[in-house]
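S.K.:
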Amino acid sequence: MSVVRFALKRPYTIAAAVILLCLLGVGAALRMPVDIFPEINIPVVSVVWTYNGMSAQEIQNRILIKHERQMASLVDDIARLEANSYNGVGVIKVYLHDGADVSRAVSQLSSCAQTVLKSMPRNITPPLIIRYSATDVPIIQLSLSSRFLPDQRMTDFGQQILRPNLAVVHGAQVPYPYGGKPRVIMVDLDMPALQSRGLTPTDVVNALSDQNLQAPSGDVKIGGLDYAVPLNNSTNSVAALNDFPIREVSKRTIFLRDVAHVRDGYSVQTNAVSQNGRPAALMTIRKTGGVSTLAVISGIKKALPDIEHLLPPGMSIKALFDQSIFVRAALNGVILGGMMAAALTA
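Following this line, the structure appears as structure tokens:
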């Protein structure tokens with residue numbers, strides 16, 4: 000009765016409190032992500048090492064074991080580790096204790112990888128660190144197809160143009176495209192020519208790495224002018240790599256073109272995508288964080304018209320899978336069910 004008496008004596012206070020609650024509720028509803036799944040933070044982080052050409056056993060012994068030993072002393076709140084090695088790829092799953100700070104673990108894993116990088120095989124790249132979440136799922140798939148362009152061109156466009164332009168959408172994660180042939184500068188060795196000159200593939204690798212350098216050139220001041228000084232320490236074309244000297248054998252300089260051929264090619268294709276019988280490339284876009292699926296897909300669709308202006312003639316983008324259709328249908332079902340329940344109650 001005291002609450003009722005207080006409400007009757009102070010009607011303006013109660014009215015102001017009700018209005019305040021309504022405003023707060025409307026504001027919270029407008030800012031709340033609309034999705035079919037709640038945001039669930041799973042304390043699991045994956046560390047992915049890549050080293051093309053190395054066997055699964057070598058990946059395990061020379062890369063994963065070294066990194067696991069460093070993790071034990073440099074990363075907090077580790078519950079257990081799970082490592083899997085494949086040809087050219089090694090994956091370490093780091094399971095954290097419940098309530099652990101996953102963001103701090105990601106930072107510690109990154110610094111730990113940089114520390115152990117010096118003891119890894121030569122020219123290995125830093126690992127890819129992936130944070131898991133139950134809501135990080137594919138929400139839309141885009142296909143790049145053409146009637147006459149090769150799939151290598153479409154994969155290159157998806158990697159160089161489409162990924163950077165879609166990555167700016169809040170909550171969107173764009174992995175590498177599927178299908179096509181990844182562009183790689185290939186060096187085709189002539190093994191009989193190498194052996195006849197007493198050379199090895201390592202000599203070719205050293206010649207390429209030692210003579211194709213990225214270094215600052217500086218400037219020179221002459222009188223009252225300041226000139227930038229260019230250096231010819233890096234080639235401007237793929238064909239120029241064939242003119243690199245390797246070694247002098249019997250007072251004769253052996254060039255790269257004598258024992259190999261450098262070309263603009265592609266690595267071994269491991270997957271293929273076909274759309275209506277034509278080669279294509281597939282871009283799978285994932286949702287990260289607590290951002291709404293509808294908001295992410297809306298942002299992607301707004302960015303697509305600007306990207307379509309960058310497409311080469313004959314190439315097109317098409318959405319093959321759109322999860323927003325299912326999300327909207329699920330939300331409409333919930334709203335309709337609530338309205339029917341209210342009507343039956345009345």
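In terms of numbering that gives the first Met the number 0, the sequence shown is numbered consecutively and its last residue is 345.
The beta carbon of each residue, even a glycine, is placed where N, CA and C say it ideally should be.
Please tell me whether Glu57 has its Cβ less than 8 Å away from any Cβ of chain B.
M.R.: Absent from the structure is chain B; it holds one protein chain and no more.
S.K.: Is Val101 near Gly298, with beta carbons less than 8 Å apart?
M.R.: no
S.K.: Answer yes or no: do Asp76 and Ala112 have a C-beta to C-beta separation smaller than 8 Å?
M.R.: no
S.K.: Identify whether Lys117 lies in helix, strand or coil by the three-state DSSP scheme.
M.R.: Lys117 falls in the helix class under three-state DSSP.
S.K.: According to DSSP, is Pro66 helix, strand or coil?
M.R.: Reading off the sequence, residue 66 comes out as His, not Pro. In the structure shown, His66 sits in a helix (DSSP, three-state: H, G or I).
S.K.: So, helix, strand or coil for Arg285, using DSSP?
M.R.: strand
S.K.: Near Val115, which residues of its chain fall below 8 Å by C-beta distance, leaving aside the five closest residues on each side in sequence?
M.R.: Lys65, His66 and Gln69
S.K.: Take Leu80 as the anchor and find which of Ile160, Leu108 and Ile306 has the nearest alpha-carbon.
M.R.: Leu108
S.K.: Between Leu303 and Asn164, what straight-line distance do the alpha-carbon atoms span, to the nearest angstrom?
M.R.: 9 Å
S.K.: For Tyr11, does the three-state DSSP call read helix, strand or coil?
M.R.: Looking at Tyr11 - three-state DSSP - the assignment turns out to be helix.
S.K.: Taking DSSP as the reference, what is the three-state secondary structure of Pro304?
M.R.: helix
S.K.: Per DSSP, which one or two residues make a beta bridge with Val136?
M.R.: According to the DSSP secondary-structure assignment, Val136 is paired through a beta bridge with no residue.
S.K.: At a threshold of 7 Å, does Arg68 count as lining the ligand GDP (C-beta to nearest heavy atom)?
M.R.: This structure lacks the ligand GDP, and indeed carries no ligand of any kind.
S.K.: Could you check the C-alpha separation between Tyr131 and Leu343 for me, to the nearest Å?
M.R.: Looking at the two C-alpha atoms, the distance is approximately 43 Å.
S.K.: I believe Tyr265 touches Val183 by the beta-carbon criterion, under 8 Å. Please report the beta-carbon distance rounded to the nearest angstrom.
M.R.: 6 Å
S.K.: Going by CA-CA distance only, name the one from Gly222, Gly223, Leu207 and Ala227 that's closest to Pro215.
M.R.: For Pro215, the closest C-alpha among the options Gly222, Gly223, Leu207 and Ala227 is that of Ala227.
S.K.: Along the chain, where does the alpha helix (DSSP H) containing Asn231 start, and where does it finish?
M.R.: Following the DSSP letters along the chain, one finds Asn231 in no alpha helix (DSSP H), marked with neither H nor E.
S.K.: Could you give the distance in angstroms between the alpha-carbon of Arg246 and the alpha-carbon of Asn122?
M.R.: 22 Å
S.K.: With Leu95 and Pro10 assumed to form a contact (beta carbons below 8 Å), what rounded beta-carbon distance in angstroms separates them?
M.R.: The Cβ separation is near 53 Å, so there is no contact.
S.K.: Can you tell me whether Asp150 is buried or exposed, with buried defined as 16 or more other CB within 10 angstroms of its CB?
M.R.: buried
S.K.: By the three-class DSSP mapping on this structure, what secondary structure does Gln274 have?
M.R.: strand
S.K.: Could you tell me which residues DSSP pairs with Leu19 in its beta bridges?
M.R.: Answer is none; Leu19 lacks a bridge partner.
S.K.: By Cβ distance, which residues of its chain are closer than 7 Å to Glu307, with the 5 residues on each side in sequence left out?
M.R.: Ile316
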